[in-house]
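S.K.: Once you've had a glance at the structure underneath, I'll fire off some questions.
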Amino acid sequence: MNHPILLNGSILSQQKNEELKKILSNYPTLSLATILVGDDKASHIYVQAKIKACQSVGINPVPIFLSKDTTEQELLEQIELLNNDPAIDGILVQLPLPKHLDSYKVLESINPKKDVDCFHPFNMGNLSTGISNFAPATSTGIMMLLDSIKDQWSLESKNVVVVGASNIVGKPTAMLLLQKEATITIAHKKTKNLKELCLTADLIIVAVGKANLITKDMVKKGAVVIDVGMNRIQTEQGTKLVGDVDFENVKDLTFAITPVPKGVGPMTISALLHNLYFLYQHYHTKNNNDLR
Ligand code: NAD
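Here the sequence shown is numbered in the working numbering, starting from 21 and rising by one per residue.
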């Protein structure tokens with residue numbers, strides 16, 4: 021069998037960012053507000069990466085750092101200020117929030133027209149009904165990766181198993197795939213016979229957070245495998261970032277596969293920037309109140 025196609029998100033995201041930078045140069049500078057509550061180290065790293073990515077394409081980042089004991093009322097007031105500020109095009113609240121804050125309530129308070137993460141129930145609803153393909157960034161990033169091989173491999177009528185049913189990855193990804201007329205099964209922690217299900221899949225997308233969950237006995241020859249998982253494991257050489265797929269042993273079975281790192285991760289950030297442009301195009305340049 022031929023070597024698998026390595027779906028390199030580092031390279032593709034750079035291409036996508038360059039394309040976006042060119043497009044954005046025709047418009048007034050867009051501004052993205054990022055709200056980070058507390059001192060979680062990983063969240064700080066993610067937010068910094070998003071700020072840097074904004075700058076690389078000519079988006080103006082507006083970082084807002086709030087102390088870990090910010091009250092829900094204070095956070096909601098901050099969001100309301102940004103909702104009403106015409107200089108702000110998108111608002112992102114970095115998750116997870118400290119435990120005393122209700123994430124659902126906070127995300128619901130963001131104006132859907134500025135909901136760059138697409139976590140607001142209104143935007144998720146439009147995605148579910150198929151009215152819109154505006155989706156959370158990881159899901160959009162996955163579609164960009166699949167689109168990069170569309171000349172050799174099409175989604176239409178394929179059997180897809182999405183392993184992981186979270187609101188931020190599994191469910192919205194399944195909705196986008198359904199829009200492409202694939203047949204979707206969503207597996208989760210109570211799913212029985214995960215191996216048998218995966219063996220029926222032309223495409224496996226896994227977003228769970230368990231290293232080596234998907235092993236070579238679970239993958240059909242010629243399948244496409246997208247690994248969203250991010251797990252830090254201890255090795256003799258120190259800590260290492262790995263996905264949910266046993267990449268070394270699975271890769272030769274596949275038609276195409278994402279590595280971890282340099283697979284879905286960089287695409288997520290690129291897709292976030294594209295999401296900001298989508299919001300601008302849809303809700304500002306159309307000059308109407310159509311939220312779709
Ligand atoms: P989550 O914890 O919200 O959801 C995990 C899902 O996996 C749940 O639906 C759960 O039912 C399911 N699950 C748990 N154990 C399972 C099992 N044994 N078999 C099948 N399903 C099982 O997680 P999340 O926020 O969706 O993130 C999942 C992983 O993706 C994490 O490793 C996270 O770090 C990573 N992630 C990566 C990116 C990226 O850009 N690369 C973005 C978001 C999340």
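Don't be surprised by glycine CBs; every beta carbon is placed ideally from N, CA and C.
Just checking Met250 against the ligand NAD - is the residue's beta carbon closer than 7 Å to any of the ligand's heavy atoms?
M.R.: Walking along the sequence shown from the start, residue 250 turns up at place 230. It does: the Cβ of Met250 is within 7 Å (strictly closer) of some heavy atom of the ligand NAD.
S.K.: Is the region 174-191 in contact with the region 149-159, if contact means three or more CB pairs nearer than 8 Å?
M.R.: These segments touch.
S.K.: From Gln34 to Leu165, what does the alpha carbon distance come to, in whole angstroms?
M.R.: Your numbering for residue 34 matches position 14 in the sequence shown. Your numbering for residue 165 matches position 145 in the sequence shown. Spanning the two alpha carbons is a distance of roughly 12 Å.
S.K.: When every heavy atom of the ligand NAD is checked, does at least one fall within less than 7 Å of the C-beta of Lys230?
M.R.: Stepping through the sequence shown from its first residue, residue 230 is reached at position 210. Yes.
S.K.: Mapping the DSSP letters down to three states, classify Val67 as helix, strand or coil.
M.R.: Within the sequence shown, residue 67 is the residue found at index 47, counting from 1. Correct three-state label for Val67: helix.
S.K.: Run the CB neighbour count on Leu121, radius 10 Å, all protein chains shown included, and call it buried at 16 or more, exposed below.
M.R.: In the sequence shown, the residue the question calls residue 121 occupies position 101. Its Cβ being crowded by 16 or more others within 10 Å, Leu121 is buried.
S.K.: Indicate, with yes or no, if the ligand NAD has a heavy atom lying under 7 Å from the CB of Ser148.
M.R.: Residue mapping note: residue 148 aligns to position 128 of the sequence shown, counting from 1. Outside the cutoff, so no.
S.K.: Note down, in chain order, each residue of its chain lying with its Cβ closer than 8 Å to the Cβ of Tyr66, except the 5 sequence neighbours on either side.
M.R.: Taking the sequence shown and counting its residues from 1, one reaches residue 66 at position 46. Answer for Tyr66: Gln114, listed in chain order.
S.K.: With a threshold of 6 Å on Cβ separation, who are the neighbours of Ile246 within its own chain once the five nearest residues in sequence on each side are excluded?
M.R.: Indexing the sequence shown from 1 puts residue 246 at position 226. The answer, listed in chain order, is Ile162, Ile225, Thr278.
S.K.: If you measure from the beta carbon of Ile25 to each beta carbon in chain B, is any gap under 8 Å?
M.R.: Given the protein chain composition of this structure (a single chain), no chain B is represented.
S.K.: From Met287 to Gln93, what does the alpha carbon distance come to, in whole angstroms?
M.R.: Stepping through the sequence shown from its first residue, residue 287 is reached at position 267. Stepping through the sequence shown from its first residue, residue 93 is reached at position 73. One C-alpha to the other measures close to 34 Å.
S.K.: What do you reckon, are the CB atoms on Gly145 and Gln199 nearer than 8 Å?
M.R.: Here residue 145 is taken as the residue at index 125 of the sequence shown, counted from 1. Here residue 199 is taken as the residue at index 179 of the sequence shown, counted from 1. No, the Cβ-Cβ distance between Gly145 and Gln199 is not below 8 Å.
S.K.: Cβ of Asn153 within 8 Å of Cβ of Ile130?
M.R.: Locating residue 153 in the sequence shown gives position 133, counting from the first residue. Locating residue 130 in the sequence shown gives position 110, counting from the first residue. No.
S.K.: Just curious, the alpha helix (DSSP H) that Leu293 is in, first and last residue?
M.R.: Within the sequence shown, residue 293 is the residue found at index 273, counting from 1. It spans 284-300 - the alpha helix (DSSP H) in which Leu293 sits, taken as one unbroken run.
S.K.: Quick one: Cα of Ile99 to Cα of Asp222, how far?
M.R.: For the purposes of this step, residue 99 is taken as the residue at position 79 of the sequence shown. For the purposes of this step, residue 222 is taken as the residue at position 202 of the sequence shown. Approximately 42 Å, taken between the alpha carbons.
S.K.: If we ignore side chains and look at the alpha-carbon of each, how far apart do Lys134 and Ile79 end up?
M.R.: Position 114 of the sequence shown, counting from 1, holds the residue named residue 134. Position 59 of the sequence shown, counting from 1, holds the residue named residue 79. For Lys134 and Ile79, the distance between alpha carbons rounds to 14 Å.
S.K.: With a threshold of 6 Å on Cβ separation, who are the neighbours of Ser290 within its own chain once the five nearest residues in sequence on each side are excluded?
M.R.: Translated into the one-based positions of the sequence shown, residue 290 becomes position 270. The residues are Ser33, Lys36, Asn37.
S.K.: Within the same chain, show all residues whose beta-carbon is closer than 6 Å to that of Thr90, passing over the 5 residues directly before and after it, in chain order.
M.R.: Taking the sequence shown and counting its residues from 1, one reaches residue 90 at position 70. So the list reads Val57, once near-sequence residues are dropped.
S.K.: Determine the direct distance from the alpha carbon of Glu268 to that of Asp237, and round the result to whole angstroms.
M.R.: Within the sequence shown, residue 237 is the residue found at index 217, counting from 1. Within the sequence shown, residue 268 is the residue found at index 248, counting from 1. Their backbone Cα atoms lie some 13 Å apart in a straight line.
S.K.: What's the C-alpha gap between Pro141 and Glu128?
M.R.: Looking up residue 141 in the sequence shown gives position 121. Looking up residue 128 in the sequence shown gives position 108. In a straight line, the C-alpha of Pro141 is about 7 Å away from that of Glu128.
S.K.: So the candidates are Leu293, Tyr303, Leu299, Cys138; which of them puts its Cα closest to the Cα of Lys42?
M.R.: Numbered from 1 along the sequence shown, position 22 holds the residue referred to as residue 42. Of the candidates Leu293, Tyr303, Leu299, Cys138, the one whose C-alpha sits nearest the C-alpha of Lys42 is Leu293.
S.K.: Tell me whether Ala194 sits in a helix, a strand or coil according to DSSP, three-state version.
M.R.: Here residue 194 refers to the residue found at position 174 of the sequence shown. Helix at Ala194.
S.K.: What is the DSSP secondary structure of Ile43, reduced to helix, strand or coil?
M.R.: Numbered from 1 along the sequence shown, position 23 holds the residue referred to as residue 43. Helix at Ile43.
S.K.: Buried or exposed, going by whether 16 or more other CB atoms sit within 10 Å of the CB of Ala107?
M.R.: Against the sequence shown, residue 107 aligns to sequence position 87. Flag for Ala107 reads exposed.
S.K.: Give the straight-line distance between the Cα atoms of Leu175 and Ile169, rounded to the nearest whole angstrom.
M.R.: The residue labelled residue 175 in the question sits at position 155 within the sequence shown. The residue labelled residue 169 in the question sits at position 149 within the sequence shown. Each residue's alpha carbon lies about 10 Å from the other.
S.K.: Would the beta-carbon of Val284 be found less than 7 Å away from any heavy atom of the ligand NAD?
M.R.: To locate residue 284, count along the sequence shown from 1; it is residue 264. Yes, the Cβ of Val284 comes within 7 Å of a heavy atom of the ligand NAD.
S.K.: Report all residues from its chain with a CB closer than 8 Å to the CB of Leu219; omit the five preceding and five following residues, and keep chain order.
M.R.: Here residue 219 refers to the residue found at position 199 of the sequence shown. Contacts found: Met238, Val239, Lys240.
S.K.: Could you tell me the distance, in whole angstroms, from the CA atom of Leu214 to the CA atom of Ala207?
M.R.: Here residue 214 refers to the residue found at position 194 when the sequence shown is read from its first residue. Here residue 207 refers to the residue found at position 187 when the sequence shown is read from its first residue. Between Leu214 and Ala207, the C-alpha separation is close to 7 Å.
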